[in-house]
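Structure, as structure tokens:
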């Protein structure tokens, strides 16, 4: 079936955002940890983490604008601006329901860690909480941001400061075994997947 | 195990880029179709497609700079600039090896479609080729780009003009069944995965 631009625009809001959130394919499922001036640790699920480069190691996340409708990503944005640090924590298959629940609109004074039953893990000198239940954890410092004019979203860029990985998941060639680490893949807004390796292919040559 | 910043920086180049390309988690596997002023259809595998918004439907891809070392993404960048259109085509599990092979450094005059054995599919008025073997295809027009100062990469933003989906994969609520469509997930640079649904969760409420 084909959906034209006018058919996409004619869809009602929820089915359209459900569909468009799925069309890029499988996505990462990560919890972003941060803390604000009020001292409340914040945790929010994101599927927009994107690799930007390896030397230096730079990752991006896409957030809603600060004046937008979704409070949670506003907290993440505000907190990262406040102290310059954040964490990216893989959603493990045993914590999918708690991770998904962080997307509920908790009030400012409630920490999503407590609300959903996940455990903040602090590592000096990083000024942002990791998620203890995650098996792959990334500590980052904020580098720069780009305000995307086309729809008033923000690309926030962080530099990797440290990585915490489960023993046995990383080989000497740098291969990270996400399946062994128990990370899940996300499609759309709500569907979490386990994986099976189909092919591991060599570097492509002519 | 923990990798500190100095340990990450001390890694040799290939293991570091192999690792850092995997740390965000599972990624989409897409072929970007484009065509340049020379009339040669170009096809390149990307794992950086990111959802930016649903109304209008906007997606981003991250490319290397035009003066960078990797020719293929230079072609994609140059072609999208040339005529303003591109396509995003999901990698289906039956075409993983051909899709991966598009990352080989073919010379300018060689179309990756021919070189890897995939079929260009043209739909008026889109000035970019789809991949006939893909089951989920997205036609886009270029909207704007952001040059990321931190590492001289480019975020290119496209607006969805049309979607082609396999029959039966989209329900009335907008849910797109990527498993039924046969799309694969990618980890790192070279490992392609099939998936199994673990959980589909309701919209989170307090």
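Protein chains in written order, with the working numbering: chain A, 1 to 206; chain B, 1001 to 1206.
Note that CB positions come from ideal geometry on N, CA and C, so glycine has one too.
Give the range of the beta strand (DSSP E) segment to which residue i is assigned.
i                       : result
residue 1043 of chain B : 1041-1046
residue 1004 of chain B : 1002-1004
For residue i, return the contacting residues in chain A, with the cut-off set at a CB-CB distance below 9 Å.
i                       : result
residue 1197 of chain B : 187, 191, 192, 193 and 194
residue 979 of chain B  : Nothing can be reported for residue 979 of chain B: it is not among the residues displayed for chain B, which extend from 1001 to 1206.
residue 1076 of chain B : Those within 9 Å of residue 1076 of chain B in chain A number zero; the least Cβ separation is about 16 Å.
residue 1153 of chain B : 52, 53 and 58
Starting from residue i, find everything on chain B with Cβ-Cβ shorter than 7 Å and list it in chain order.
i                      : result
residue 125 of chain A : Going along chain B, no residue has its Cβ under 7 Å from residue 125 of chain A, so there is no contact; the nearest lies around 11 Å.
residue 204 of chain A : 1100, 1101, 1103 and 1104
residue 85 of chain A  : Going along chain B, no residue has its Cβ under 7 Å from residue 85 of chain A, so there is no contact; the nearest lies around 13 Å.
residue 63 of chain A  : None at all; the shortest Cβ gap to chain B is about 11 Å.
Who does residue i pair with in a DSSP beta bridge?
i                       : result
residue 192 of chain A  : A:186 and B:1199
residue 147 of chain A  : A:154
residue 30 of chain A   : A:46 and A:90
residue 51 of chain A   : A:59
residue 159 of chain A  : A:58 and A:141
residue 164 of chain A  : A:137 and B:1002
residue 1085 of chain B : B:1141
What does residue i reach in chain B if we use C-beta pairs closer than 8 Å?
i                      : result
residue 17 of chain A  : 1054, 1055 and 1174
residue 128 of chain A : Within 8 Å Cβ-Cβ: nothing; residue 128 of chain A doesn't reach chain B, min ~15 Å.
residue 10 of chain A  : Correct list: empty, because the minimum Cβ distance to chain B is about 11 Å.
First and last residue of the alpha helix (DSSP H) that includes residue i?
i                       : result
residue 1014 of chain B : 1013-1020
residue 170 of chain A  : Note, residue 170 of chain A: premise wrong, no alpha helix (DSSP H); not H, not E.
residue 98 of chain A   : 96-101
residue 1204 of chain B : Looking at the DSSP string, residue 1204 of chain B is not in any alpha helix (DSSP H), and its letter there is neither H nor E.
residue 1037 of chain B : Careful: residue 1037 of chain B lies outside any alpha helix (DSSP H) and carries neither H nor E.
residue 1178 of chain B : 1178-1181
I want to verify the contact list: residues of chain B whose CB lies under 9 Å from the CB of residue i, in sequence order.
i                      : result
residue 26 of chain A  : 1026, 1027, 1028, 1029, 1178, 1183, 1184, 1185, 1186, 1193 and 1195
residue 121 of chain A : Neighbours of residue 121 of chain A on chain B: none; closest Cβ ~12 Å, over 9 Å.
Under 7 Å between beta-carbons, which chain A residues line up against residue i? List them in chain order, please.
i                       : result
residue 1161 of chain B : 5
residue 1093 of chain B : 198
residue 1032 of chain B : Chain A residues near residue 1032 of chain B: none, gap ~12 Å exceeds 7 Å.
residue 1080 of chain B : Simply none; closest approach about 15 Å.
List the residues of chain A that residue i touches, going by C-beta distances under 8 Å, in chain order.
i                       : result
residue 1021 of chain B : 51 and 54
For the region 96-118 of chain A, which residues have a beta carbon sitting closer than 7 Å to at least one beta carbon of chain B? 96, 97, 100, 101, 103, 104, 105 and 106
For the region 1167-1179 of chain B, which residues have a CB atom closer than 8 Å to at least one CB atom of chain A, in sequence order? 1167, 1170, 1172, 1173, 1174, 1175, 1176, 1178 and 1179
Contained alpha helix (DSSP H) runs [length at least 4] in the region 103-136 of chain A, N- to C-terminal order: 112-116
Output, in sequence order along the chain, the residues in the region 1131-1151 of chain B whose CB is closer than 8 Å to any CB in chain A. 1136, 1138, 1143, 1144, 1146, 1148, 1149, 1150 and 1151
Members of the region 34-49 of chain A that neighbour chain B once the beta carbon cut-off is set at 8 Å: 47, 48 and 49
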